[in-house]
Amino acid sequence: MGEILEFIFAPILIFESWRFGMEVVISGLLAGVMYSLVALGFVLIYKASGMFNFAQGVLVLFAALNLAGFIGLGVPIPLAIILTIGIMILFAIVVEYLILRHLVNQEQIILFMATIGLAFFLSAFGETIWGSEVKKLDVGIPQGRFEPFGIQIQYLELTAGAVAAALVICLAIFFNKTKIGRALRAVADDHQAALSVGINLRTIWIIVWAVSGIVALVAGTMWGAKSGVQFSLSEIALKALPVLILGGFESIPGAIIGGLIIGLGEKLAEVGWGPYVGGAIEDWFAYILAMVFLVFRPQGLFGEKIIERV
Amino acid sequence: MSATERQFGDVLLKVDNITLRFGGVKAITDVSFEIREKQIFAIIGPNGAGKTSMLNVINGFYHPQEGTITYKGNPRQQMKPHEAAETGIARTFQNVALFRGMSTLDNVMTGRLLKMSGPALRYYHQKLANLPVINYLTYPAMWFGDLILDSLYWGPYQREEVKHRKAAEEVIDFLEIQSIRRTPVGRLPYGLQKRVELGRALAMEPDLLLLDEPMAGMNLEEKEDMCRFIIDLNHEFGTTMALIEHDMGVVMDISDQVVVLNYGRKIADGTPNEVQADQDVIDAYLGVAHEADLEEK
Amino acid sequence: MFYREAGQFYTTYAKDQGIFQLKQDKYGLWGLLFFAFLVVPIGLYLLVQGGVMAGTTKDYLYNSILLLLLVNCMAAMGLNILTGYCGQISLGTAAFMGVGAFTAYKFSTGMNYRVQKEDNAGELVSTLVPILPQIDNPIALILLAGAVTAIVGVLFGLPSLRIKGFYLAVATLAAQFFLVWCFSRVEWLYDYTSSSTIQIPLLKVLSFIETGTITFGMPDGSTKAVSVSGFLVAGSETLKVPDGAKTIVSASGFILTDFSKALSSPDASRAVTGETFRIYPVPETKYIFSLAIVVVFAFIMKNLVRGRIGRAWMAIRDMDIAAQLIGIRPLATKLLAFAVSSFFCGVAGAMLLIFYLGALEGAEAFNINESFSILFMVIIGGLGSITGSFLGAAFITLTPIILINVQPAISDVFQDKALVEHIQFMVFGALIILFLIMEPLGLSRLWQIAKEKLRQWPFPY
C-alpha cells in the first residue's frame, strides 16, 4: 500500500529536495514555453484560414536551419536574422501562390493533408540546402547559469522566457491595435463576412503565414540554441499538438497556458513516474494528459461551452 | 374542412411549463401545450421566438431547465435524441440535414435503421430476453452473430434488408421520388432535398412527426406538393404532426391547432380562426405602437 | 458502347441490392481476381523457368512490392472504415497495426513470461515460460490479432463521444505514442530480447514436419530424416538432421519449401548427419495467402458498408446530429467503427509481421510516419471508397519504389546519397500537394469519372 501511494505521489515527492524540484519545474516551464511558441504559430494560421497546419513543426526546423546556415556562412548575426525573416516572408508568399489559393473551399482534411505534404517537402528541402548534420546555433545568448537560492537556472532559460513574453506582447499589440490585426480578427470570425467588407483574404493569408514563420524562427532559435539544429526538432514540435487541444485551436492565451501546463506536467511525470515504468514517458504523457482533459472538458481550457444547433 | 368535423385521439404529447435557458438567455419561458393524436399542430411566431428550440426540446436535443414533457402518458425530462427517436418521434430540419454523401435510397433507408435490429437480436428479444441468467450470455452472442451475418450479407440478414427496402420503396413511391433513387442527395435541388428529408422521417414510421419549416425556400408548385403530402399523410395514415411554418396561408389552411410563440412565451393557442382573431398575435406580427409614440400624437 | 446497363434489369430487390449494378463490373472483378491469383504466380514462375526473368527479380517483386502492397491495402481499408465511412480521423493507425503484430507474435510463441531464479552460483538465470500452446496457424493468429486490436481500438475510441474532428485526431496521437512506447519499453511484449525485435516462428497450414526415421511414402523404402508436407506459410525454422539419417527432404503435396540453401547437394546418397538446414516458405505461398486474406476482408468490408452498419456510419459522418435524431446511437456506432477499423488494422499489422517482414522492431516499424502514409493512402485513394483504398495504397506504395528505381539516373547527376534521399522526399511531398490540388476527392473519383465516360462512349450523351 505504501508503495502504491509512493508511486501515485511520485511527481510530488520529488519536492522533498525542493531545489531539485524547482529545477525540474523550471526546465519543464522552459520546455512549455517552447511548445507554446510552436503552438502559437499554429493558432495564428488556424484562426485565419481554418487550416490545421501540420507543417508548423517543420517550419520551426526550417527557420532554424536557415539561421544556422547563414551564420555558418559567416554572415553577421543581425543580418542573418533579417535574411531569415526575409526567407520566411518569401516562403509565405510562395505557399500562398502555389498551394493555398488552389485549395480554397476545400474540406479541412484536404488542407490538413496538404500541410503534411508541405512538411515532407520542406524538411527535405531545408536539409538539401543546408545539409542534415547537427548544427550549432549561437546567436549570442549568454551560456552558463546562475544559482539564486542554490537553484540552478540557465541564462538560456531566462532569455527564452523573456523573448516569449516579448513576442506575445508584440502579437497582442499587432492584433488589437493595427488595421491588419483587425482584419485578421475579422477573417478569423467569419471568412465570407470578411470578404464581403473588402478584406483581401490572400493578403491576410500571406501575412499570417509570414507571422507564424517569424514565430517559428523565434522558437527555432531558442530550441536550436539549447540543443542544436537537427531533424528531431520537427518531431519535438509535434508536442505542440496536445498543447493545442488543451488550449483550443483558436485561443492564443490557451496556447501559452496550455504549453506551460504540458511542459510542466510531462517533466514532473517523467522525473516522478518515469523510473518506475522504464522511462521516456515524456513521449506520450502530454497526449494522454490532453486527451483525458478533453474528455472532461471538450471545449478546451478557454473555449466557451459549445451549443450545437440544428 | 373545418376543424370541428375532425376527430382527434388522446393527448399524445403534453408540454408543461417548459423553460429553456442558454446561460443567462431565456430561449423558452414557461410554455405549455398539448398535441393530440392525428392532429396537425402548428407552432408559429416571428423569427427568434423559440420555435425551433421548442422542437429541439421535444426530441431531446436540448434539455429544458424547468418543466416536464409527457409523451404517450409517460413523463420525461432528460432524454437523449436517439432515445426520443426510439419512442417514435421523427424530425425534419430547417436547414436540410441530409446525409450528403449518400444516395436518396440510402437516406431513406437510414430512417429504417431503428427497425433493423438484426435478425439474431430480434430473435433474442422475442425468445430469450426473459430467460433468467442466460440473457447476459446470449445478448453478446446474438449481437456478434448479427455482426457476422451483416459482414456476409447473407441469409436472414439479406431477407431483412429486402424487407426494409420494400418499406423504403413505399415511402419513395408516396413522395414520388423514384427517379432520383440512386442520385447522391448533394446533387439534388433544394425542394427535392426537403422531400427526401421528409421521406427519411417517414421511413421511421413515426408516431409524432416534427417538421421544421417544411416549405421554406420553395416555389409555389413545390409548396403545393408538400402540402399535399402532409395532408395525405395525416388523412390516410393518421400521422400526428407538429410543424413550424412561416407561410401563414399554408398554416391556416392545413393545421388543426396553432400555438403562437413570441420572445419564448406562448401568446396564443387555439384553432386557426381563433388565433387569427387574437389581438396579441396581430401585435406580435405587425408590431405594436409604443406608448411613447402615442403620447407624442 | 459495351460498358452500359442497357438490357440489365433486376426483378427482385435482393438482386438490385447486389454488390455490382453492372454485369461488366462483376466480370471485371472476376477477371482481376483470376489474374491476381493465377496469372501472376504462374506467369512469373514461367518467366523465371523460361529464363526471361531472374529468380531474384521474381523474389524482389513478391517480397518487396506485392506483399507490402497487400499489407498496405489492408491497412488502408481499415483506416477508410474509420475515416472515410465514419468520419473519425485517426493518426494512430500504425500503432494499431503494431498491436496486431505483437499479438500475433505473442500467440505464436505461446505468451511467454519470464521467470528469474538464482542458480547455484548466485547469478540470476532467466527462463521464458510459455502459458499457452504455441499457435502456428497463420489464419488463427491473424484473427486473434484482429480481435485484440479491436479491443484496444475501442479503448482509444472512447473519447470520440465527446471529441470531434481534429481534436479527436490529436487524441488518437495519444494511442500512437503510447502504444509505440509500449513496443519498446514493455519487455514482455518482445520476450525480453535486448534489441526489442520480434521474429515470427515457422507458421504452417495443414502441414507436418517430422524428423526422425521415417519410411512413410517412400517407395524405395529408404530411410528419411525429415519430411515436410503441406503449406509452409511464414517464418522459418532451423532443423537439425538427426543422427544416423542418411538423407532427407520430402516435400509432399505442394512444393512450398525451399531446401536449396540447406543442402549443398540434393544427392540422396549423401550423409548429412549433424548438419542443420532451414525451412521456409516460398514467396508465392505468402503472396497467395495475403491476397486471399485481403480479398476476404474486402468482401466483408463491402458487405458492412452497403448494409445497415455502413449506413449508420455514413450518417454519423455526414451529419451526426441528424443521425442521432433518427435514432442512431452515436457512441455505439463510433465504437463499432473503431472496433472494425482496428480489427482490419490489426490484421494488417499481423500480415506485416508474418508475411512481409518476418522480423521487426516495433518502435521503428510502427512509427508515426507509417500512420501518416496510411492516411495519405486513404485520402489520395478517396475517402469512403474501397476501390479508393486499393488505388491509394498502390499509389503510395509504388511511388517511392519507382523513385528508388529511377535513382540511378538521379545519382549520376548528384553524387551525394543523402541528397538523393532528400530529393525523393521532396518529390513525394510535392506529388501529394499536387494531387490534392488536382483531385481532392481522390483516385476513386477519377476512376468513377472514367467509368461514366466509358458508359457514354462513343456517344456524347
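For the protein sequence lines, the chains are A, B and C, in the order given.
Everything in the first sequence is counted per the working numbering, starting at 406 for the first residue and increasing by one.
Everything in the second sequence is counted per the working numbering, starting at 387 for the first residue and increasing by one.
Everything in the third sequence is counted per the working numbering, starting at 2 for the first residue and increasing by one.
Beta carbons: idealized from backbone N, C-alpha and C, even for Gly.
Remember, predicted model here, so these are calculated numbers, not experimental data.
- In this structure, residue 109 (chain C) sits near residue 137 (chain C), with a CB-CB distance shorter than 8 Å.
- Under DSSP, the beta-bridge partners assigned to residue 428 (chain B) are B:629, B:644.
- Beta-bridge partners of residue 404 (chain B) (DSSP): B:417.
- Listed in chain order, the non-local C-beta contacts of residue 114 (chain C) below 8 Å within the same chain comprise 129, 130, 132, 189, local neighbours out to five positions each way being set aside.
- Between residue 636 (chain A) and chain C, the shortest Cβ-Cβ separation is not below 8 Å.
- For the set A:436, A:429, A:446, A:433, the Cα lying nearest the Cα of residue 655 (chain A) is the one of A:446.
- Under the Cβ distance rule, residue 322 (chain C) counts among the residues neighbouring chain B, one pair being separated by less than 8 Å.
- Among the CB atoms of chain C, one or more fall inside 8 Å of the CB of residue 539 (chain B).
- Here the region 427-434 of chain A does not lie against the region 637-647 of chain A, with fewer than 3 beta-carbon pairs under 8 Å apart.
- In the DSSP assignment, residue 455 (chain B) falls within the beta strand (DSSP E) that extends over 452-457.
- Secondary structure note for residue 406 (chain C): its alpha helix (DSSP H) is the uninterrupted segment 387-406.
- Of all residues in the region 407-440 of chain A, none places a beta-carbon less than 7 Å from a beta-carbon of chain C.
- Look at residue 53 (chain C) here: in three-state DSSP terms it is coil, with no helix or strand label.
- For the region 549-580 of chain B, not one full-length beta strand (DSSP E) segment reaches 3 residues or more.
- Using a Cβ-Cβ cut-off of 8 Å, residue 441 (chain C) is close to 508, 511, 512, 515 of chain A, given in chain order.
- Pairing residue 631 (chain B) with residue 323 (chain C), the inter-Cα distance amounts to about 20 Å.
- The closest CA to that of residue 425 (chain C), considering only C:443, C:397, C:447, C:157, is found on C:397.
- The DSSP-derived three-state label of residue 452 (chain A) is helix.
- Nearest to residue 492 (chain B) by alpha-carbon distance, out of C:365, C:310, C:452, is C:310.
- Counting C-beta pairs closer than 8 Å gives three or more between the region 411-431 of chain B and the region 621-629 of chain B, which meets the contact rule.
- The C-alpha of residue 633 (chain B) is placed about 8 Å away from the C-alpha of residue 601 (chain B).
- Listed along the chain, the chain B residues whose CB falls inside 8 Å of the CB of residue 319 (chain C) are 484, 485, 486, 487, 488.
- Three or more Cβ pairs closer than 8 Å define a contact, and the region 13-32 of chain C meets that threshold against the region 544-560 of chain B.
- Using a Cβ distance threshold of 8 Å, residue 435 (chain C) and residue 105 (chain C) do not count as a contacting pair.
- Contact residues of the region 151-182 of chain C toward chain A are 160, 163, 164, 167, 168, 171, 172, 174, 175, 178, 179, 182 (C-beta to C-beta distance below 7 Å).
- Taking all protein chains shown into account, residue 639 (chain B) has fewer than 16 neighbouring C-beta atoms within 10 Å of its C-beta and is therefore exposed.
- Counting the other Cβ atoms within 10 Å of the Cβ of residue 21 (chain C) gives fewer than 16, which makes it exposed.
- Chain A has a Cβ within less than 8 Å of the Cβ of residue 427 (chain C).
- Looking only at B:452, B:412, B:571, B:476, the smallest Cα-Cα distance to residue 588 (chain B) is reached by B:476.
- Counting of Cβ neighbours within 10 angstroms places residue 575 (chain A) among the exposed residues, the total staying below 16.
- Among the residues of the region 454-480 of chain B, those with a Cβ less than 8 Å away from any Cβ of chain C are 466, 467, 468, 470, 471, 472, 476, 477, 479, in the order of the chain.
- As DSSP reads the structure, residue 651 (chain B) sits in a beta bridge with B:648.
- Contact note: residue 445 (chain B) reaches chain C through 326, using a C-beta cutoff of 7 Å and chain order.
- Cα atoms of residue 566 (chain A) and residue 582 (chain A): separation of roughly 24 Å, rounded to the nearest angstrom.
- For the region 472-535 of chain B, the continuous beta strand (DSSP E) assignments of 3+ residues that do not extend past its boundaries occur at 475-477, in sequence order.
- Taken in chain order, the whole alpha helix (DSSP H) runs of length 4 or more contained in the region 299-364 of chain C are 309-319, 321-326, 331-352.
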